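Engineer:
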Amino acid sequence: MALKATIFKAEINIADMDRHYYATHTLTIARHPSETDERMMLRLLAFAMKADKDLRFSKGLSTEKEPELWQKSLTDEILLWIELGQPDEKRIRKACHQARKVIIYCYGGRSAEIWWDAIKPQLKRFDNLTVIHVPSEISQALANMAARTMQLNVSIDDGQVSISDKSTTVCYEPERWLKPN
1 MALKATIFKA EINIADMDRH YYATHTLTIA RHPSETDERM MLRLLAFAMK ADKDLRFSKG
61 LSTEKEPELW QKSLTDEILL WIELGQPDEK RIRKACHQAR KVIIYCYGGR SAEIWWDAIK
121 PQLKRFDNLT VIHVPSEISQ ALANMAARTM QLNVSIDDGQ VSISDKSTTV CYEPERWLKP
181 N
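Numbering follows the numbering used here, in which position 14 of the sequence shown is assigned residue number 14; successive positions increment by one, without gaps.
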């Protein structure tokens, strides 16, 4: 018998002073049985950092043809492709050819550093790619905030990201390992 996804509900109030984007998003997140709270909360972080009325969660872990999140135009052009983790060079190349802009949020402590050292030379040729590192202490703190029903406030100002619920605040300054040319 196949395991079913666990459904999480999140209301995220976003105040992004850097982009002048202010909105509340009510999200339903299906967490795949093999997905951890850490990974799910990183999907929420990625959503909050690039929030837009057209940004959507894809089928995620259940399909290899789609990213974690994406934003498409009215003509179905992929404007933004967001990946999590440590994708291989072939997947990154595919994303960079299909989307105007690609962002990878890598995490995983020492394994993320090893992945980056190995793949960095191959990625410098992509002028639409950004790689952002999320340290383990941040991803674990976000994982501790996971609940079936969440109300989160996200504030972004001068590159600093603050995520809070009723009892916890996590502050994060994105560490950009690669920026577009």
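No residue lacks a Cβ here, since even glycine has one placed at the ideal position from N, Cα and C. These numbers were taken from a predicted model, which means no experiment stands behind them.
(1) What's the C-alpha gap between Met1 and His32?
(2) With a 10 Å radius around its C-beta and 16 neighbouring C-beta atoms as the bar for buried, classify Ile114 as buried or exposed.
(3) Hey, out of Ala51, Lys50, Trp116 and Ile82, whose CA is closest to Lys65's CA?
(4) Since Leu84 and Arg43 are thought to touch, with beta carbons under 8 Å apart, how far apart are those beta carbons, to the nearest angstrom?
(5) Going by DSSP, what residue range makes up the beta strand (DSSP E) through Asn144?
(6) So, for Asn52: in the same chain, excluding its five sequence neighbours on each side, which residues have a beta-carbon less than 7 Å away from its beta-carbon?
(7) Locate the alpha helix (DSSP H) running through Leu123, then write down its first and last residues.
(8) To which residues does DSSP link Thr24 through a beta bridge?
Structural biologist: In terms of the structure at hand:
(1) If you number the sequence shown from 1, residue 1 lands on position 1. If you number the sequence shown from 1, residue 32 lands on position 32. Residue placement at Met1 is poorly supported in this model, since its pLDDT is 49, which falls under 50; the coordinates still yield a value, given next. Going by the C-alpha atoms only, they are around 15 Å apart.
(2) Sequence index remark: in the sequence shown, residue 114 carries index 114 (1-based). Counting Cβ neighbours within 10 Å, Ile114 comes out exposed, since fewer than 16 surround it.
(3) Here residue 65 is taken as the residue at index 65 of the sequence shown, counted from 1. Residue Ile82 is the option with its Cα nearest to Lys65.
(4) For the purposes of this step, residue 84 is taken as residue 84 along the sequence shown, with counting starting at 1. For the purposes of this step, residue 43 is taken as residue 43 along the sequence shown, with counting starting at 1. Indeed, because the Cβ distance is near 7 Å, the residues count as touching under 8 Å.
(5) Here residue 144 corresponds to residue number 144 of the sequence shown, with the count starting at 1. Where Asn144 is concerned, there is no enclosing beta strand (DSSP E), although the alpha helix (DSSP H) it sits in stretches over Ser136 to Asn144.
(6) For the purposes of this step, residue 52 is taken as residue 52 along the sequence shown, with counting starting at 1. According to the sequence displayed, residue 52 carries Asp and not Asn. Closer than 7 Å at Cβ, skipping near neighbours: Gln71.
(7) For this step, residue 123 is matched to residue 123 along the sequence shown. Segment Arg110 to Leu123, the alpha helix (DSSP H) holding Leu123.
(8) Taking the first residue of the sequence shown as position 1, residue 24 is located at position 24. DSSP lists Asn13 as partners of Thr24.
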